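Residue numbers (mature numbering (1 follows the signal peptide of the UniProt record, and there is no 0)): -24 to -1, 1 to 493.
We treat Cβ as the ideally placed atom computed from N, Cα and C, and that holds for glycine.
This structure is a prediction, so every number in the text was calculated from the model and none was measured.
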């Protein structure tokens, strides 16, 4: 099926993030040399892309590449056909093999996807449950030959449909919120389903109760499996999930928690990397069930796969009531040393609360922009920090600056610090730099109306009187504020997070099957 446009957009945004922030690109890593072919589920009347992926950490250029695709096994009615577009010219010999030559050079980026060359189709004679294999070999003159094999199964196509999103729920920090969810299957019986949670966005909503058929990671619900449920055609099935809004939830705010229904075949076959192999279910406690109570389970040896994932999503909105903000503060430092020496300044960010700060997965909740004092140069750069080369983080274009990023969640009262090594080229008494706390994403509403006086702290090299850390190091000075113009207050609390929550939907889930109707 086509990739959701929101996922494509978020992938582009993630790739462009470093340039937008003005960070230097990381050093190139050695290219990987392994091919990975995803398992494929074939449904009569639909097209399934053969999806080879290059395991790589940097761009890899291909010139006169050749891709061969071979189908094997007892797969009556299943054929290999060339993709309708892409940089390949393909010939078939016969319907179970393709040889494709690149018409022009192409580059595979770190996401790893190789342009689609082959498509699997199934006709009316295809046998449900039949199994075979697809082998892909990639060669390029002067480079190594890569090959891998994926499993192919003929599956029954079903169309799970999530219920209409419930009206916005309401709750207060620390309070319970029951989330009603619904799923149905038009025309076909579905033998068991899984409910997968977009867990990064479930940070503010922690489970109120734990169930034996659900899995959890770091206190967050990951998925629930209803493997004994028998969904009869056109019958709605309901489940109610109890959550508790964390006591440190920002308020007023809007929390988005996304849920996706999947067939057991899609879920167990690696439809998402958050599947059963990574986070096993509890296997203790009460059982969470779909209602009405499932009928007696029928034997189901035929795999079932989703043919229209656009209908599987149920997005729940929780309006958080009350007034509870966050107060991120910069942590400055004082360090001393003689010319030629390397001293270490520990700088950072502390969230004074009472609310935690969180943002979309893969983006920092806050960034500390560190301005290097006069007379020093950076000798060692800690993990999580990069040079600022422009963009909105260049708060002082005439100075040398580094940007240090927190994780996507900044809890209350747990400082995040970085130890920056500074080589003293010449001693300048009271040479003063700065540590400035800025949002990880522009227009972040979570600090609107809060105290801005502690958003900036001093980084002082060789302070008058010789104070500073012994042995040429020091830090942890949150009380060194530098007054200056405060950032403008940001209106529309929660609106940006709602939009980003929709865009971030199941980005981390790995699709193993691609069906085009």
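How close, in whole Å, do the beta carbons of residue i and residue j come, if the pair is a contact with beta carbons under 8 Å?
{"i": "residue 383", "j": "residue 329", "result": "Contact flag wrong, Cβ pair sits at about 17 Å."}
{"i": "residue 54", "j": "residue 112", "result": "Residue 54 to residue 112, Cβ: 16 Å. No contact."}
{"i": "residue 42", "j": "residue 75", "result": "7 Å"}
{"i": "residue 406", "j": "residue 440", "result": "5 Å"}
{"i": "residue 258", "j": "residue 188", "result": "5 Å"}
{"i": "residue 30", "j": "residue 88", "result": "5 Å"}
{"i": "residue 499", "j": "residue 222", "result": "It is not possible to answer for residue 499, since the shown part of the chain is limited to -24 through 493."}
{"i": "residue 396", "j": "residue 354", "result": "6 Å"}
{"i": "residue 37", "j": "residue 81", "result": "6 Å"}
{"i": "residue 331", "j": "residue 413", "result": "Going by Cβ atoms, the distance from residue 331 to residue 413 rounds to 15 Å, so no, they are not a contact pair."}
Out of the options, which has the shortest C-alpha to C-alpha gap to residue i?
{"i": "residue 293", "options": "70, 154 and 110", "result": "154"}
{"i": "residue 267", "options": "145, 169 and 309", "result": "169"}
{"i": "residue 349", "options": "336, 338 and 400", "result": "400"}
{"i": "residue 218", "options": "351, 182 and 111", "result": "182"}
{"i": "residue 227", "options": "71, 422 and 26", "result": "422"}
{"i": "residue 243", "options": "300, 279 and 44", "result": "279"}
{"i": "residue 359", "options": "432, 288, 34 and 394", "result": "394"}
{"i": "residue 327", "options": "260, 148, 415 and 199", "result": "415"}
{"i": "residue 209", "options": "160, 197 and 186", "result": "160"}
{"i": "residue 333", "options": "224, 319, 438 and 318", "result": "224"}
{"i": "residue 52", "options": "101, 28, 70 and 11", "result": "101"}
{"i": "residue 295", "options": "147, 335 and 254", "result": "147"}
{"i": "residue 418", "options": "234, 378, 340 and 347", "result": "340"}
{"i": "residue 260", "options": "44, 192 and 435", "result": "192"}
{"i": "residue 86", "options": "265, 35 and 50", "result": "35"}
{"i": "residue 156", "options": "90, 265 and 194", "result": "265"}
{"i": "residue 105", "options": "50, 116 and 220", "result": "50"}
{"i": "residue 11", "options": "90, 263 and 69", "result": "90"}
{"i": "residue 256", "options": "435, 356 and 194", "result": "194"}
{"i": "residue 238", "options": "288, 229 and 420", "result": "288"}
{"i": "residue 379", "options": "163, 361 and 318", "result": "361"}
{"i": "residue 164", "options": "309, 262, 211 and 123", "result": "211"}
Quick check on the DSSP output: the beta strand (DSSP E) that includes residue i runs from which residue to which?
{"i": "residue 244", "result": "Run containing residue 244: none in the beta strand (DSSP E); it sits in the alpha helix (DSSP H), 240 to 244."}
{"i": "residue 83", "result": "82 to 84"}
{"i": "residue 38", "result": "36 to 38"}
{"i": "residue 140", "result": "Where residue 140 is concerned, there is no enclosing beta strand (DSSP E), given that its DSSP letter is neither H nor E."}
{"i": "residue 400", "result": "392 to 400"}
{"i": "residue 96", "result": "94 to 98"}
{"i": "residue 192", "result": "190 to 193"}
{"i": "residue 20", "result": "Per DSSP, residue 20 belongs to no beta strand (DSSP E) and is neither H nor E."}
{"i": "residue 497", "result": "The structure shown does not extend to residue 497, since the chain spans only -24 to 493, so no value can be given for it."}
{"i": "residue 292", "result": "289 to 300"}
{"i": "residue 117", "result": "Taken as a continuous stretch (DSSP letters only), residue 117 belongs to no beta strand (DSSP E), as it is neither H nor E."}
{"i": "residue 221", "result": "213 to 221"}
{"i": "residue 409", "result": "407 to 415"}
{"i": "residue 378", "result": "377 to 381"}
{"i": "residue 49", "result": "42 to 49"}
{"i": "residue 307", "result": "304 to 307"}
{"i": "residue 68", "result": "64 to 68"}
{"i": "residue 202", "result": "196 to 207"}
{"i": "residue 366", "result": "Unbroken run through residue 366: none, as it is neither H nor E."}
{"i": "residue 168", "result": "166 to 173"}
{"i": "residue 160", "result": "152 to 160"}
{"i": "residue 10", "result": "10 to 13"}
If we call anything under 9 Å between Cβ atoms a contact, is residue i one with residue j?
{"i": "residue 114", "j": "residue 121", "result": "yes"}
{"i": "residue 325", "j": "residue 305", "result": "yes"}
{"i": "residue 95", "j": "residue 32", "result": "no"}
{"i": "residue 98", "j": "residue 18", "result": "yes"}
{"i": "residue 290", "j": "residue 213", "result": "no"}
{"i": "residue 342", "j": "residue 381", "result": "yes"}
{"i": "residue 386", "j": "residue 392", "result": "yes"}
{"i": "residue 128", "j": "residue 103", "result": "no"}
{"i": "residue 409", "j": "residue 437", "result": "yes"}
{"i": "residue 179", "j": "residue 190", "result": "no"}
{"i": "residue 171", "j": "residue 236", "result": "yes"}
{"i": "residue 346", "j": "residue 411", "result": "yes"}
{"i": "residue 40", "j": "residue 78", "result": "yes"}
{"i": "residue 20", "j": "residue 108", "result": "no"}
{"i": "residue 351", "j": "residue 15", "result": "no"}
{"i": "residue 196", "j": "residue 173", "result": "yes"}
{"i": "residue 233", "j": "residue 206", "result": "no"}
{"i": "residue 152", "j": "residue 202", "result": "no"}
{"i": "residue 420", "j": "residue 335", "result": "yes"}
{"i": "residue 110", "j": "residue 46", "result": "yes"}
* Evaluate the contact criterion for the segment 128 to 141 versus the segment 278 to 287: three or more CB pairs, one atom per stretch, below 8 Å. => Judged by Cβ distances under 8 Å, the segment 128 to 141 makes contact with the segment 278 to 287, as three or more pairs qualify.
* To do: Mind the definition here: the segment 58 to 68 touches the segment 138 to 146 only if three or more C-beta pairs lie below 8 Å; say whether that holds.
  => Touching, no, given that fewer than three Cβ pairs across the two stretches are closer than 8 Å.
* Does the pairing of the segment 361 to 376 with the segment 312 to 321 give three or more beta-carbon distances under 8 Å? -> Output reads no: the segment 312 to 321 does not touch the segment 361 to 376.
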